[in-house]
Structures are given as structure tokens and as C-alpha cells.
Amino acid sequence: PPLPQDPPAPRPPQPTPPFTFVPRRLRLGPQHPLFEDGDVHRHLYLQGVLTSLEEVAERPKVSEFSCHISGCSQVFDTLESYEHHYNTLHRNVCSFCKRSFPSGNLLDIHILEWHDSLFQIMAEKQNMYQCLVEGCTEKFKSSKDRKDHLVTVHLYPADFRFDRPKKVKSGSKHTSSPVQQGASVPMDVSVEMAEQFQGNPMETGPEENMEISQPAASPGPSLPEKRLYKSR
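Laid out in C-alpha cells, this is it:
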């Protein structure tokens, strides 16, 4: 049989509190002294925010100055505008054709595809056209396949174009071969470089002409055909 248990000991009586509190709702007006400290802190906070906004809006201005890059006549009155201009147009510039790019990655891709003599040879054997998005390692057989990838995967606009079509200068119907240019190794020359070479082939002196004679097709009284190369 279970053992008998002792009854629980009685609890000692609780002392009576000297005060009694009854919850009660109070409505205080906005001018009550209780809110005075909070109003002061809020006023100081808003005053500091407005002051900081004014300091940001008023950028330090300096006397107007022009871009130091030769041939660029852009004028600036703030250092921020000059830095933005330089980073956009002059920081990543191709040394061959003077095209500017917004990033060094695009500049490297441009130099590889436009100014590397081995690129076209290697492109016939393997995928060489790199994706223009940094971090994407995809390569493609042609620039068209790369554009389709940029539009469908990276959501580029459909009219986006990275490589400009080659333009043939009006009036020129043939391209000088490497032998005629005095080169011993074949090179790929971009359109911009070709136009520069055509406009200024050699610098020998003011208004001098170089005549390169060619043998006539058949003997006769007519003079041999000559090509005139005008230099500045």
C-alpha cells in the first residue's frame, strides 16, 4: 500500500503593499513638458540633416580648366566632372586606333580582335570571340554568335554593337600590301590606322613628292606609268 503523505505546509501570509496602482489611460497634449526633450532632439537631428544636404549640393568649384589630353577641348568647372570625363573617354584608349572604351576588359578584347595578327587564324580553328561581360567565360565562333548570347543571356539591347564594320575610304580601290609598305611581317591593320597612313604616309618635308616608276606593259613612245605619293 502507498505510504501516507504529509499535507503541504501552509504559505506564510504576504505583506500588504503600502501603495496600490491601478492602470489608467492618460492623454497628453503635444506641448506637454514630457515631450520637451524629444522635441529638442528631433529639431537638432533635422537641422543636421538639412545642413549635410546643403554641403553635398554645394560642391567646391574651381576656375574653369580644360582637358589636358591633346586634341580634347572640353572645359570643366568641377573636379568631379573632369574625373568622370577622363574615366569615360581617356582612361581606356586603344593605342592603335584611339578608340575609347568604358573598361579595361573591353579594351583588351578590342585589341585582341582588331589588332592581333594571329586572331583570325586562331578563330578558324577554335572559339575566340569572348563574352563582353566580366566573369562570363563563354567564347563563340563569330561575333554574331556572341551578340546573340549577350542579348538572350545578359539582356543586352538588340541594337547593341561592339565591333564597328570596317569602312573603306572613298577613292581608294586597293589596299597596299605589306611589301609596298616596307613591312617584313604581315600585320592586320584596322581601318582607322589605314586612314591615318593614307593621309600621312611619310614625313619627308613640306610639299615633297615621291615618284615610284613602274615598267611599261609594252615598249612605245608613251611614258611609264607613275604613282605619286604626296607627303606633308
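Using the working numbering, you'd call the opening residue of the sequence shown number 20 and step up by one each time.
Positions of the beta carbon are idealized from the N, C-alpha and C atoms, including for glycine.
If you follow the alpha helix (DSSP H) that Ser100 is part of, which residue opens it and which one closes it?
According to the DSSP assignment, Ser100 belongs to the alpha helix (DSSP H) that extends over 98-108.
Nearest-angstrom Cα distance between Glu143 and Lys160?
The alpha-carbon atoms of Glu143 and Lys160 are separated by roughly 8 Å.
Contact belief for Cys116 with Leu126 at Cβ below 8 Å, rounded distance in angstroms:
In this structure Cys116 does not touch Leu126 by the C-beta definition: roughly 11 Å separates them, more than the 8 Å allowed.
What residue does the alpha helix (DSSP H) around Lys163 start on, and which one ends it?
Residues 162-171.
To the nearest angstrom, how far is the alpha carbon of Lys88 from that of His62?
A small correction: the amino acid at residue 88 is Ile; Lys does not occupy that position in the sequence shown. Each residue's Cα considered, the two are about 50 Å apart.
Does Tyr148 come out as helix, strand or coil in the three-state DSSP assignment?
Three-state DSSP puts Tyr148 in a strand.
Helix, strand or coil for Phe181 per DSSP?
Of the three classes helix, strand and coil, the one that applies to Phe181 here is coil, per DSSP.
Is Arg180 buried or exposed, if buried means 16 or more other CB atoms sit within 10 Å of its CB?
Exposed, since its Cβ has fewer than 16 Cβ neighbours within 10 Å.
Between Ile128 and the rest of its own chain, which residues show a CB-CB distance below 7 Å, the 5 nearest in sequence each way excluded?
Close CB contacts of Ile128 within its chain, under the 7 Å cut and outside five residues either way in sequence, are with Gln149, Leu151 (chain order).
Would you report the Cα separation of Lys163 and Phe95, rounded to the nearest angstrom?
Distance between the alpha carbons of Lys163 and Phe95: 40 Å.
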